[in-house]
Ligand code: FEO
């Protein structure tokens, strides 16, 4: 499949409807994804990025239907991760002498993965690749989200090729933002930001200011995953600016796992207390063993506070809670409050352990947590409701 993005720009990527796991098992892609590759034609022809390795043969075969590969003058690798560089080996077998334009860090990441001595041409911010009437201007974007990442800006057409930034794991045959369901699009864009870009929010903010400061017209933003922003493309830049500023909504998310439903009953009673104290706040509950973890991270991203619960098992916490806490901790959320809870029968360490993890993750712990002995009865449920009510006043 290929389609025209504009007369001189053809999308030659791969829509991956089947994808459900990305980054190993880390990112759950419920709506699939796409790996966007772009062929830009002027007096010279440039290929921007490729696709993920399993689709390498399909990609090259499809590209051959679009163009005689020998007519590709340059390849641009905006980022070395395998979902965009994975077809390079297959492609370079056909056109081994074609220069690859990328950052110095991308030379390292691409050589580190493929161990090939291709004709790398290193570029920096402000460097230009003349295509004839138009130029491709490079803007380094380190840690958005790898050290090797850069953007490419096509003059004349005013298209910003942003690689992972502004992308979404979202398979669609429509491929343009004005043609797809807006709720789905924004849900996937937010999950993408929350799960991948949160740790780099300060750099996102700085890069947005830098790019906006260039005062370049932007007619289109063409990321490397998901749909292309052509209707008011700056809407996603403005949204990113908000997300990068320690974003939160009036939401409290309760994350828990349970063995015999004691901790689940506590979670529900805490939610009841929160609702009783504040009818406007959105409360959401997720069992970390059952809910989609990428979705949970999106909900944490939107929350002003979270409450995390687990029963104590072998002096620790249930593995699904440990797993989601590891992800939450690594993302470095800012300006969020938290508390811990759980049922226990013997020693009851889980609450303290969860509290410590929350603090390591940058959350402000607002109380000592709540633990209830064995299965909560009427009195314990009342305690949980009270805990929920008080939590509202603490966040
Ligand atoms: Fe889509 Fe960081 O690769």
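Numbering (my numbering), first residue to last: 10 to 404. Note that the Cβ used here is the ideal one computed from N, Cα and C, for glycine as well.
Just curious, the beta strand (DSSP E) that residue i is in, first and last residue?
i: residue 131; result: 129-131
i: residue 249; result: That residue, residue 249, is in no beta strand (DSSP E); its alpha helix (DSSP H) goes 243-253.
i: residue 313; result: Counting along the chain, residue 313 falls outside any beta strand (DSSP E), and DSSP gives it neither H nor E.
i: residue 19; result: 18-20
i: residue 98; result: Counting along the chain, residue 98 falls outside any beta strand (DSSP E), though it belongs to the alpha helix (DSSP H) covering 97-103.
i: residue 260; result: 260-265
i: residue 172; result: 168-172
i: residue 380; result: 379-382
i: residue 372; result: Residue 372 -> no beta strand (DSSP E), and no H or E assigned at all.
i: residue 256; result: No beta strand (DSSP E) holds residue 256; DSSP gives it neither H nor E.
i: residue 138; result: 137-139
i: residue 162; result: 159-163
i: residue 24; result: 23-25
i: residue 345; result: That residue, residue 345, is in no beta strand (DSSP E); it is neither H nor E in DSSP.
i: residue 60; result: Segment: none, residue 60 is in no beta strand (DSSP E) and carries neither H nor E.
Less than 7 Å separating the Cβ of residue i from some heavy atom of ligand 1?
i: residue 234; result: yes
Taking its Cβ as the centre, do 16 or more other Cβ atoms sit within 10 Å of residue i, making it buried, or is it exposed?
i: residue 178; result: buried
i: residue 352; result: buried
i: residue 181; result: buried
i: residue 223; result: exposed
i: residue 242; result: buried
i: residue 66; result: exposed
i: residue 186; result: buried
i: residue 252; result: buried
i: residue 350; result: buried
i: residue 64; result: buried
i: residue 344; result: exposed
i: residue 262; result: buried
i: residue 307; result: buried
i: residue 161; result: buried
i: residue 171; result: buried
i: residue 105; result: exposed
Any idea which residues DSSP pairs residue i with across the strands?
i: residue 55; result: 49 and 83
i: residue 229; result: 168
i: residue 153; result: In DSSP, residue 153 forms no bridge with anything.
i: residue 297; result: Paired residue(s): none; residue 297 is not in a bridge.
i: residue 322; result: 325
i: residue 351; result: 380
How is the alpha helix (DSSP H) around residue i delimited, first residue to last?
i: residue 403; result: 387-403
i: residue 38; result: Counting along the chain, residue 38 falls outside any alpha helix (DSSP H), and DSSP gives it neither H nor E.
i: residue 196; result: 191-201
i: residue 331; result: 328-340
i: residue 270; result: Per DSSP, residue 270 belongs to no alpha helix (DSSP H) and is neither H nor E.
i: residue 185; result: From DSSP, residue 185 is part of no alpha helix (DSSP H); its letter is neither H nor E.
i: residue 94; result: 91-94
i: residue 222; result: 210-222
i: residue 123; result: 113-123
i: residue 71; result: 65-75
Could you check whether the Cβ of residue i sits closer than 8 Å to any Cβ belonging to chain D?
i: residue 368; result: Within the model displayed, chain D is absent; a lone protein chain is all it includes.
Starting from the N-terminal end, write out each residue whose C-beta falls within a distance shorter than 5 Å of any non-hydrogen atom of ligand 1. 90, 92 and 173
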